[in-house]
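Peer 1: Please read through the structure below; I'll follow up with questions.
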Amino acid sequence: MGVNINAQAKADSEFLKSLNRLLNVICERIFHLWLHPDWLFKQLPVYDEHQKCIKVLHEFIDQVIQNKREEFQIEKISKIEVDTQYDLGLYKRKTFLDLLITFSGDEKGYTNVELREEMLTLTVAGTDTSAVAIGFTLELLAKYPKIQDKVYQELYEIFDGSERALVKEDLEKMEYLDRVVKESLRLFPPVPFIIRKVLEDTRLPSGNVLPAGSGIMVSIWGIHRDPKYWGPEAEHFDPDRFLPERFNLEHPCCYMPFSSGPRNCLGYQYAMISIKTSLSAILRRYKVVGEPEKGPVPQIRVKLDIMMKSVNGCQVALERRPTK
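Sequential numbering from -1 applies to the sequence shown in the numbering used here.
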């Protein structure tokens, strides 16, 4: 959106607190059946809290959108004209909100409410999920220093030990880091379950029938750790299981950290780029230190909100690597 809420230095940000609390309330409602009916939910104190959080988020994003609309008007008055198709230099400086307004047709495009919905989706789906994935991966690398050393060696060879900036071609060379991230997402998917609606009566292998219109929960966590699909070492942290010669899924849905099918995560490629970019920036410069794991099964206690997180947070330390 082009707005810095300074979330890292200011943990008491009203926007951040409201977002986190809203996600907690949504999760509570999902797992408590008596909170499902709207008529009952609206009678409870938690509903007022729910609405207050939504109000904070809506007002913040509405103000950002309004400011952006005004900026666009000033640009038009100043007659700043560019080739909307070919001025790539301009678009490199634009935010997602800028492009969303421009390509939807400016005033004739998305309404402010539609823009707000898009920005909320991006904020919830594209921010915390990547941060959680990065946190789990760092914790795993701290527990398994030999694997971390292999990642660092790969990065050292790609960048030749220099401090130069990362470019797109570098990401394509990070094959081992890619496997580490995928294995981290397998064992600790930030979104451990998805909810779907049954469109037609469906008979299960057990013989039971799921009636059309019913809701079902799919456990990504459970599928990712099922020995039926991943073998007897399903709970081991083993990045090399994603080597081309070993990665042979019995079913496409055996591995779905970004969901699967027509409603899968639209930003999964961006997420992988974001995660690998962040991890490479950290690991090139710092060694991640923590309590080494004694066995191949990582012992990390987790809790479930809308996203799965470590109970104790990402408890690692960073040691500056010697410069070349």
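Where a beta carbon is used, it is the ideal one built from N, C-alpha and C, also for glycine.
For the stretch 220 to 229 against the stretch 181 to 191, are there 3 or more C-beta pairs whose distance is under 8 Å?
Peer 2: Taking 8 Å as the limit for Cβ pairs, the verdict is that the stretch 181 to 191 does touch the stretch 220 to 229.
Peer 1: At which residue ranges does the stretch 224 to 275 contain complete alpha helix (DSSP H) runs of 4 or more residues, listed in the order of the chain?
Peer 2: Listed in chain order, they are 225 to 228.
Peer 1: Could you check if Leu95 is buried or exposed, using at least 16 other CB atoms within 10 Å of its CB as the buried criterion?
Peer 2: Counting Cβ neighbours within 10 Å, Leu95 comes out buried, since at least 16 surround it.
Peer 1: Across which residues does DSSP place Ser308 in a beta bridge pair?
Peer 2: Answer is Val300.
Peer 1: Less than 6 Å between C-beta atoms, sequence neighbours within five positions excluded: which residues of the same chain meet that for Val309?
Peer 2: Arg299, Lys301, listed in sequence order.
Peer 1: Short of 8 Å in beta carbon distance, which residues of its chain neighbour Met306, apart from the five on each side in sequence? Order them along the chain.
Peer 2: Hits under 8 Å: Val130, Phe186, Pro187, Pro188, Val189, Pro190, Trp219, Val300.
Peer 1: In whole angstroms, what is the alpha-carbon distance linking Lys285 and Glu167?
Peer 2: Near 24 Å, if we compare the C-alpha coordinates of Glu167 and Lys285.
Peer 1: Quick one: is Ala140 buried, meaning 16 or more other Cβ sit within 10 Å of its Cβ, or exposed?
Peer 2: With 16 or more other Cβ atoms within 10 Å, it is buried.
Peer 1: Tell me whether Ala210 sits in a helix, a strand or coil according to DSSP, three-state version.
Peer 2: Here Ala210 sits in coil by DSSP.
Peer 1: Could you please give me the residues that DSSP links to Tyr284 through a beta bridge?
Peer 2: Paired residue(s): Arg318.
Peer 1: Which of helix, strand or coil does DSSP assign to Met117?
Peer 2: Note: Met117 maps to helix in three-state DSSP.
Peer 1: How many angstroms separate the CA atom of Glu323 from the CA atom of Phe134?
Peer 2: Absent from the model: residue 323. The displayed extent of the chain is -1 to 322, so no value can be given.
Peer 1: Please state whether DSSP places Lys92 in a helix, a strand or coil.
Peer 2: In the structure shown, Lys92 sits in coil (DSSP, three-state: anything other than H, G, I, E or B).
Peer 1: Which class does Ser11 belong to by DSSP, given the choice of helix, strand or coil?
Peer 2: Correct three-state label for Ser11: coil.
Peer 1: Leaving out five residues on either side along the sequence, give the residues of the same chain with a beta carbon under 6 Å from the beta carbon of Ile63.
Peer 2: Closer than 6 Å at Cβ, skipping near neighbours: Asn110, Leu113.
Peer 1: Do Ile192 and Gly213 come within 8 Å of each other at the CB atom, strictly closer than that value?
Peer 2: Not closer than 8 Å, so no.
Peer 1: Who are Ser217's beta bridge partners in DSSP?
Peer 2: DSSP, once it has assigned bridges, lists Phe191 as partnering Ser217.
Peer 1: Skipping 5 residues on each side, what residues in its chain have a beta carbon closer than 8 Å to that of Arg244?
Peer 2: Asp238, listed in sequence order.
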